[in-house]
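Those letters in the sequence shown? Residues 2 to 153, by this note's numbering.
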Amino acid sequence: MKKNKKRKIKYYFAACFFTFLALLELVLISLEVLQHRRQTDIPKNIIYAVFAISFAVYLFYKAKTVGTDIDDEDERDEFIAVKTDHQMYKIASWLIYILSLVFLTSAALMYKAQGFTDLVLVLTTVCCTLIILWNILFLIEVIISITNELRN
């Protein structure tokens, strides 16, 4: 019991640290954008911020699950959790795909209107990032499907 409490506190402190790092990166990004200097550092800071946010969310999740017993769960609860996770994955996948199409279409329309080259570049970059993320999710789904088929 005492070990679980210590682990939970460690996870919370680590999550708070990564949340602080993510906020610091977001402040640096906003300062660079507002001061119109060192525009080449923005993508690097965005990657660091996304990494820090992802790691903080993971650590918060780990802190919440420390000390919970898996043996107490029922098969129905596991089935509902799997179905919910699958539904959330499908919704997120379609949302990423639709958002990438919206960003690409708006970038194309703004490029046609001329004069919005910086905004077109930002929208195209966001669109490409979302498309890469969607492809990675699709690749993971295919790999999991293949491994499940080979296991059965």
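Where is the CB? At the ideal position from N, CA and C, for every residue including glycine.
In the displayed model, Gln36 falls within a helix according to three-state DSSP. Rounded to the nearest whole angstrom, the C-alpha separation of Glu150 and Trp135 is 23 Å. Rounded to whole angstroms, the Cβ separation of Phe104 and Ala57 is 26 Å, and the two are not in contact under 8 Å. For the options Phe21, Leu122, Lys63, the alpha carbon positioned closest to that of Phe52 is the one of Phe21. In this structure, the beta-carbon distance from Ala114 to Leu60 does not fall below 8 Å.
Under the 10 Å beta carbon count, Ser101 is surrounded by 16 or more other beta carbons and is classified as buried.
Following the DSSP letters along the chain, one finds Val67 in no alpha helix (DSSP H), marked with neither H nor E. For Thr106, the enclosing alpha helix (DSSP H) stretches over residues 76 to 114.
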